[in-house]
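A.B. asks: The sequence shown: position 436 = 481 (this note's numbering), numbered continuously. Just so it is clear, CB atoms sit at the ideal spot from N, CA and C, and this is done for glycine as well. Computed from a predicted structure; not experimentally measured. Following this message is one structure expressed as structure tokens.
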Amino acid sequence: MRKILLLITLMIPMMAFSSESISLKKAVNLALEHNHLMKSSREIMKAGKDDKKAAFTRFLPSFSLLGDYTQLQEKFKLKTEKMIIPLVDSQGNPVYILNPETGQPFVDSATHLTFLPPQEVKFGQKKNYALTFQLTQPIFTGGKIVQQYKIAKSVSEISKSNNSKSKQDLIFETEKSYFRVAKLKEKVVLAEKYSQMINKHLSDLQNMYKVGVITKNDILKIKAKVNEAELLKLKANNGLTLSKMDLAQKIGIDLNSNYQIADTLNIDMEKNKFSKAKLDLGNRPEIKMAKENVKINKSLLNIAYSSYLPNLVLNANYTYLKPDIFGGFENEFGDSWQISLLLQMDLFKWNERGFNTAAAKHRKKAAEEQLKELEEKINLQTTQSLFKYKESMKTVVLAKSYLDQSAENLKMAKGKMLQGMISSSEVLDAEIIWQKAYSEWIDAKANLLTQELEVKKSLGILK
46 MRKILLLITL MIPMMAFSSE SISLKKAVNL ALEHNHLMKS SREIMKAGKD DKKAAFTRFL
106 PSFSLLGDYT QLQEKFKLKT EKMIIPLVDS QGNPVYILNP ETGQPFVDSA THLTFLPPQE
166 VKFGQKKNYA LTFQLTQPIF TGGKIVQQYK IAKSVSEISK SNNSKSKQDL IFETEKSYFR
226 VAKLKEKVVL AEKYSQMINK HLSDLQNMYK VGVITKNDIL KIKAKVNEAE LLKLKANNGL
286 TLSKMDLAQK IGIDLNSNYQ IADTLNIDME KNKFSKAKLD LGNRPEIKMA KENVKINKSL
346 LNIAYSSYLP NLVLNANYTY LKPDIFGGFE NEFGDSWQIS LLLQMDLFKW NERGFNTAAA
406 KHRKKAAEEQ LKELEEKINL QTTQSLFKYK ESMKTVVLAK SYLDQSAENL KMAKGKMLQG
466 MISSSEVLDA EIIWQKAYSE WIDAKANLLT QELEVKKSLG ILK
């Protein structure tokens, strides 16, 4: 029973798509939702936002806690030499220090003054504890922190633009794949019509052959075309199946789902559709990324300049320690605090800073040249896509005219054959021409829709 329920659960999504008709809009939404590269791009964009937030924290003070435990082999020792101490009382009489062991005064035989014998004094403890709470606040770093934040901000913007580019690329590929399915769907219909037409022609010729109007050679010719029509149907169906699998992979559904597409090759023949459209380089994510790259290299140059400036940092700490070194090394906990200003500045490093600054200048210039090159390429790409779009519109008009002419020619040829004015071979040629014209018209419509996508993508308005 569990296996049956599991099988039903796994089949529900496939059954849903098998019975559902997918529109172009839904296909795009499914692709944006399920595509792995889009998911990866969104995660990278989120990471860029968090990196920017992390860079901002460098403006703020940092707090740290340091705990230390030290076990010494023995206490600290302080050794002293014999010291003569001329001690006298208020009346000027000498005062002597008594030896605690003998009770006799320490008197130097030469000077008859009191003295302290050599000693070894131990202080401190073998077990030492310290807990330090520290605050660090950069005050001046030559602008490094500001520039690092700007770099993080630009990286975040690049990740956003890259996500936008990935989205446009995916929309382009999904719609292009969808139009391919629509095209092959029409090719399948055409192949079926052509097959029916050829088979009807064969049936008519067989009747004519029975009454002796035509020869057997005419029958053999049409039979060969019947086989070609069947092969054409097979290729069209196989192509449709493969194109549907390609679209299924892009929109994240099972490759073997027997879904249907809702939209057809509906073309818009408005001549001035893009006449008012102007290229705004700011809409292109590639340009946005290139501009942010220039900003990054500008910040890196400023960081290189900052190496000539000093760094000033405020440090403050509070320490809780045992033994209390500020209280005679008593074996008790004591505390202390400290505030300091640290100034650091490099004076001489064999012109390392100069070389780094020169390298940063070159990288900034290189980024600016790359931006100019990209702008020129995009301008050229947009112009080319508009030319190809206009060319595709003319191709559609010519293809439709060719199809109408071939349909009329076929109609006239059939009528003439019935009147005995032309042979069946000429009708067969008219049918082949009609099939070819119909196929080219389908291709022209699909190509126009694809070229329209190219224009929208080049203008940065593909959404």
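1. For the alpha helix (DSSP H) containing residue 484, name the first residue and the last one.
2. Can you give the Cα-Cα distance for residue 254 and residue 482, rounded to whole angstroms?
3. Alpha carbon to alpha carbon, what distance is there between residue 94 and residue 424?
4. Would you kindly work out how many angstroms separate the C-alpha atoms of residue 379 and residue 173, rounded to a whole number?
5. Starting from residue 440, trace the alpha helix (DSSP H) in both directions and tell me its first and last residue.
6. Could you check if residue 224 is buried or exposed, using at least 16 other CB atoms within 10 Å of its CB as the buried criterion?
7. From what residue to what residue does the alpha helix (DSSP H) around residue 209 run?
8. Considering only C-alpha positions, which residue in the set 115, 314 and 180 is nearest to residue 362?
9. State the CB to CB distance for the pair residue 441 and residue 490, rounded to an integer number of angstroms; the pair is presumed to be in contact (CB under 8 Å).
10. My understanding is that residue 213 touches residue 348, with C-beta atoms under 8 Å, so please give their C-beta distance in whole angstroms.
11. Roughly how many whole angstroms lie between the Cα atoms of residue 334 and residue 206?
12. Taking the beta carbon of residue 233 as the centre, do at least 16 other beta carbons fall within 10 Å, making it buried, or is it exposed?
13. Quick check: the Cα distance between residue 101 and residue 341, rounded to an integer number of angstroms?
14. Assign residue 199 to one of two classes, buried (16 or more other C-beta atoms within 10 Å of its C-beta) or exposed (fewer than that).
15. Taking just the CA atoms, how far does residue 238 sit from residue 257?
16. Leaving out five residues on either side along the sequence, give the residues of the same chain with a beta carbon under 8 Å from the beta carbon of residue 454.
17. Give me, in chain order, the residues of the same chain whose beta-carbon lies closer than 8 Å to that of residue 235; leave out the 5 immediate sequence neighbours on both sides.
18. Straight-line CA distance for residue 99 to residue 436?
19. Do residue 75 and residue 296 have their beta-carbon atoms positioned less than 8 Å apart in this structure?
20. To which residues does DSSP link residue 172 through a beta bridge?
21. Out of 70, 77, 90 and 505, state which residue places its alpha-carbon closest to the alpha-carbon of residue 332.
22. What is the C-beta distance between residue 203 and residue 104, in whole angstroms, given that I count them as a contact (C-beta under 8 Å)?
23. Does the Cβ-Cβ distance between residue 312 and residue 493 come in under 8 Å?
24. For residue 16, tell me which candidate among 391, 352, 463 and 240 has the shortest Cα-Cα distance.
25. Using only the alpha-carbon positions, how far apart do residue 175 and residue 369 sit?
26. Here's the rule: buried if 16 or more other CB atoms are within 10 angstroms of the residue's CB, otherwise exposed. What is residue 387?
27. My guess is that residue 277 and residue 336 are in contact by the Cβ rule of under 8 Å, so how many angstroms apart are they, rounded?
28. State the start and end residues of the unbroken beta strand (DSSP E) segment that holds residue 68.
29. With 16 as the cutoff for other CB atoms within 10 Å, does residue 116 come out buried or exposed?
30. Relative to the C-alpha of residue 177, which residue among 354, 385, 399 and 365 is closest?
31. For residue 218, which residues in the same chain have their Cβ closer than 7 Å to its Cβ, ignoring the five residues on either side in sequence?
32. Are the Cβ atoms of residue 356 and residue 389 separated by less than 8 Å?
33. Would residue 473 pass as a contact of residue 268 if the rule is Cβ separation under 8 Å?
34. Residue 439 to residue 323, Cα distance in whole Å?
35. Helix, strand or coil: how does DSSP classify residue 354 here?
36. Which value, in whole angstroms, describes the spacing of the CA atoms of residue 264 and residue 450?
C.D. replies: On the basis of the data shown:
1. In the sequence shown, counting from the first residue as 1, residue 484 sits at position 439. Looking at the DSSP string, the run of the alpha helix (DSSP H) that includes residue 484 is 469-504.
2. Stepping through the sequence shown from its first residue, residue 254 is reached at position 209. Stepping through the sequence shown from its first residue, residue 482 is reached at position 437. Straight-line Cα distance between these residues: approximately 30 Å.
3. Numbered from its first residue, the sequence shown carries residue 424 at position 379. Numbered from its first residue, the sequence shown carries residue 94 at position 49. Going by the C-alpha atoms only, they are around 31 Å apart.
4. For the purposes of this step, residue 379 is identified with residue 334 of the sequence shown, where counting begins at 1. For the purposes of this step, residue 173 is identified with residue 128 of the sequence shown, where counting begins at 1. In a straight line, the C-alpha of residue 379 is about 12 Å away from that of residue 173.
5. Working through the sequence shown from its first residue, we reach residue 440 at position 395. Start and end: 397-463.
6. Numbered from its first residue, the sequence shown carries residue 224 at position 179. Under this definition residue 224 is a buried residue.
7. Within the sequence shown, the letter at position 164 stands for residue 209. Looking at the DSSP string, the run of the alpha helix (DSSP H) that includes residue 209 is 189-255.
8. As a first step, residue 362 must be located in the sequence shown, where it is residue number 317. Nearest option by C-alpha distance: 180.
9. Taking the sequence shown and counting its residues from 1, one reaches residue 441 at position 396. Taking the sequence shown and counting its residues from 1, one reaches residue 490 at position 445. So it is a contact: roughly 6 Å between Cβ atoms.
10. The sequence position of residue 213 within the sequence shown is 168, counting from 1. The sequence position of residue 348 within the sequence shown is 303, counting from 1. Contact doesn't hold; Cβ gap of about 33 Å is too wide.
11. Along the sequence shown, one-based indexing puts residue 334 at 289. Along the sequence shown, one-based indexing puts residue 206 at 161. Answer to the nearest angstrom: the Cα atoms are 6 Å apart.
12. For this step, residue 233 is matched to residue 188 along the sequence shown. The residue is buried, with at least 16 neighbouring Cβ atoms inside 10 Å.
13. On the sequence shown, residue 101 is found 56 positions in, with the first residue counted as 1. On the sequence shown, residue 341 is found 296 positions in, with the first residue counted as 1. Going by the C-alpha atoms only, they are around 16 Å apart.
14. As a working mapping, residue 199 is identified with position 154 in the sequence shown. Counting Cβ neighbours within 10 Å, residue 199 comes out buried, since at least 16 surround it.
15. Your numbering for residue 257 matches position 212 in the sequence shown. Your numbering for residue 238 matches position 193 in the sequence shown. Rounded to the nearest angstrom, the two C-alpha atoms are 28 Å apart.
16. Stepping through the sequence shown from its first residue, residue 454 is reached at position 409. 475, 478 and 479.
17. Taking the first residue of the sequence shown as position 1, residue 235 is located at position 190. Here the set comprises 281, 480, 483, 484 and 487.
18. Translated into positions along the sequence shown, residue 99 becomes position 54. Translated into positions along the sequence shown, residue 436 becomes position 391. Whole-angstrom Cα-Cα distance: 52 Å.
19. Here residue 296 refers to the residue found at position 251 of the sequence shown. Here residue 75 refers to the residue found at position 30 of the sequence shown. Against a cut-off of 8 Å, the Cβ pair of residue 75 and residue 296 comes out as a contact.
20. One-based indexing of the sequence shown puts residue 172 at position 127. Partner(s): 116.
21. To locate residue 332, count along the sequence shown from 1; it is residue 287. Checked all of 70, 77, 90 and 505; the closest Cα to residue 332 is 505.
22. Sequence index remark: in the sequence shown, residue 203 carries index 158 (1-based). Sequence index remark: in the sequence shown, residue 104 carries index 59 (1-based). Wrong, their Cβ atoms sit about 22 Å apart, outside the cutoff.
23. On the sequence shown, position 267 is the one that residue 312 refers to. On the sequence shown, position 448 is the one that residue 493 refers to. Contact flag set, yes.
24. The requested residue 16 does not occur in the structure, where the chain is confined to residues 46 to 508.
25. The residue you call residue 175 lines up with position 130 of the sequence shown. The residue you call residue 369 lines up with position 324 of the sequence shown. About 10 Å.
26. In the sequence shown, counting from the first residue as 1, residue 387 sits at position 342. Residue 387 comes out exposed.
27. Locating residue 277 in the sequence shown gives position 232, where the first residue counts as 1. Locating residue 336 in the sequence shown gives position 291, where the first residue counts as 1. At roughly 52 Å, the Cβ-Cβ gap does not stay under 8 Å, so residue 277 and residue 336 are not in contact.
28. Position 23 of the sequence shown holds residue 68. Counting along the chain, residue 68 falls outside any beta strand (DSSP E), and DSSP gives it neither H nor E.
29. Residue numbering aside, residue 116 sits at position 71 when the sequence shown is read from its first letter. With fewer than 16 Cβ atoms within 10 Å of its Cβ, residue 116 is classed as exposed.
30. Position 132 of the sequence shown, counted from the start, is the residue given in the question as residue 177. Checking every option, the nearest Cα to that of residue 177 belongs to 365.
31. The residue given as residue 218 occupies position 173 in the sequence shown. Cβ neighbours of residue 218 beyond the five flanking positions: 295.
32. Indexing the sequence shown from 1 puts residue 356 at position 311. Indexing the sequence shown from 1 puts residue 389 at position 344. In this structure, residue 389 lies closer than 8 Å to residue 356 by Cβ.
33. In the sequence shown, counting from the first residue as 1, residue 473 sits at position 428. In the sequence shown, counting from the first residue as 1, residue 268 sits at position 223. For residue 473 and residue 268, no; Cβs fall outside 8 Å.
34. Locating residue 439 in the sequence shown gives position 394, where the first residue counts as 1. Locating residue 323 in the sequence shown gives position 278, where the first residue counts as 1. Straight-line Cα distance between these residues: approximately 22 Å.
35. Along the sequence shown, read from residue 1 onward, the residue named residue 354 stands at position 309. In the structure shown, residue 354 sits in coil (DSSP, three-state: anything other than H, G, I, E or B).
36. As a position in the sequence shown, residue 264 is number 219, starting the count at 1. As a position in the sequence shown, residue 450 is number 405, starting the count at 1. Their backbone Cα atoms lie some 27 Å apart in a straight line.
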